[in-house]
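Student:
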Amino acid sequence: MKQNDYDEAYSSFWNSFGSGRHMVLSTACGDRVSSRMMSVVNIDGCLYFQTFRTSRKYEQLKENVHVALCCDNIQIEGSAEEAGHPLDNPDFCTAFRGKYPSSYDYYTSLECEVLYRVRVSRIERWVYKDGRPFLEVFNTDRKIHTVEEQDYRHR
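Residue numbering for the sequence shown follows the working numbering, beginning at -1 and increasing consecutively.
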């Protein structure tokens, strides 16, 4: 696949993803994995969420930056990096307030809140063409995009 094809498919994915979604965020520390629903916004292909500094999620992210997020037929892997207090990021505030106004009003200004940015490394999405299942994969580190039909009838 040519670079232009990757860029076009990647841009198309984020356009269909939209400005944000409620997603399940999974984090891990040692042998303990936990998952929870999060309000997530998309800013230029990076995912952002906020959380309390007193949460288990925050403690796990301090120990292990690798995360997974999912919603609907989409699975995303990446690394989360602390990005300061939410109010210090105007782009986040605009996006989050627009998508989740009550959460913004209730949580964003709290002193104990912290903002995380997820640098996406892999995206998987199931797509169906003429009733047949295909697995679409983006490897963002290598800029590789594949769409392969999944035929489970003969396995």
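Glycine residues also receive a C-beta, built at the ideal position from the N, C-alpha and C atoms.
To the nearest angstrom, how far is the alpha carbon of Pro88 from that of Asp42?
Tutor: Here residue 88 corresponds to residue number 90 of the sequence shown, with the count starting at 1. Here residue 42 corresponds to residue number 44 of the sequence shown, with the count starting at 1. Answer to the nearest angstrom: the Cα atoms are 14 angstroms apart.
Student: Give me, in chain order, the residues of the same chain whose beta-carbon lies closer than 8 angstroms to that of Arg51; leave out the 5 immediate sequence neighbours on both sides.
Tutor: As a position in the sequence shown, residue 51 is number 53, starting the count at 1. Result list for Arg51: Cys110, Glu111, Val112, in chain order.
Student: Which residues does DSSP list as the beta-bridge partners of Phe132?
Tutor: What you label residue 132 is simply residue 134 of the sequence shown in a count that begins at 1. According to DSSP, Phe132 bridges with Val125, Glu147.
Student: Alpha carbon to alpha carbon, how far is Leu45 from Arg120?
Tutor: Working through the sequence shown from its first residue, we reach residue 45 at position 47. Working through the sequence shown from its first residue, we reach residue 120 at position 122. Each residue's Cα considered, the two are about 13 angstroms apart.
Student: Consult DSSP for Arg95 and reduce its assignment to one of helix, strand or coil.
Tutor: Within the sequence shown, residue 95 is the residue found at index 97, counting from 1. Here Arg95 sits in helix by DSSP.
Student: Between the beta-carbon of Tyr154 and the beta-carbon of Lys141, is there less than 8 angstroms?
Tutor: Beyond the ends of the chain as shown, which are -1 and 153, falls residue 154; an answer cannot be given.
Student: What does the alpha-carbon distance come out to for the pair Tyr102 and Tyr114?
Tutor: Counting from 1 along the sequence shown, the entry for residue 102 is found at position 104. Counting from 1 along the sequence shown, the entry for residue 114 is found at position 116. Whole-angstrom Cα-Cα distance: 15 angstroms.
Student: Cα-Cα, which of Thr138, Val22, Lys127 is closest to Ser9?
Tutor: As a first step, residue 9 is located in the sequence shown; it is residue number 11 there, counting from the start. The option with the nearest alpha carbon to Ser9 is Thr138.
Student: Skipping 5 residues on each side, what residues in its chain have a beta carbon closer than 7 angstroms to that of Glu75?
Tutor: Counting from one through the sequence shown, the residue named residue 75 turns up at place 77. Correct list, in chain order: Ala66, Ser119, Arg120.
Student: Assuming Met36 contacts Phe47 (C-beta within less than 8 angstroms), just tell me the rounded distance between them.
Tutor: Position 38 of the sequence shown, counted from the start, is the residue given in the question as residue 36. Position 49 of the sequence shown, counted from the start, is the residue given in the question as residue 47. So it is a contact: roughly 5 angstroms between Cβ atoms.
Student: Pull up the DSSP beta-bridge partners for Glu111, would you.
Tutor: Here residue 111 is taken as the residue at index 113 of the sequence shown, counted from 1. BP columns for Glu111 point to Phe50.
Student: Just verifying my parser: in three-state terms, what is the DSSP assignment at Arg140?
Tutor: The count along the sequence shown starts at 1 and reaches residue 140 at position 142. It is coil, neither helix nor strand.
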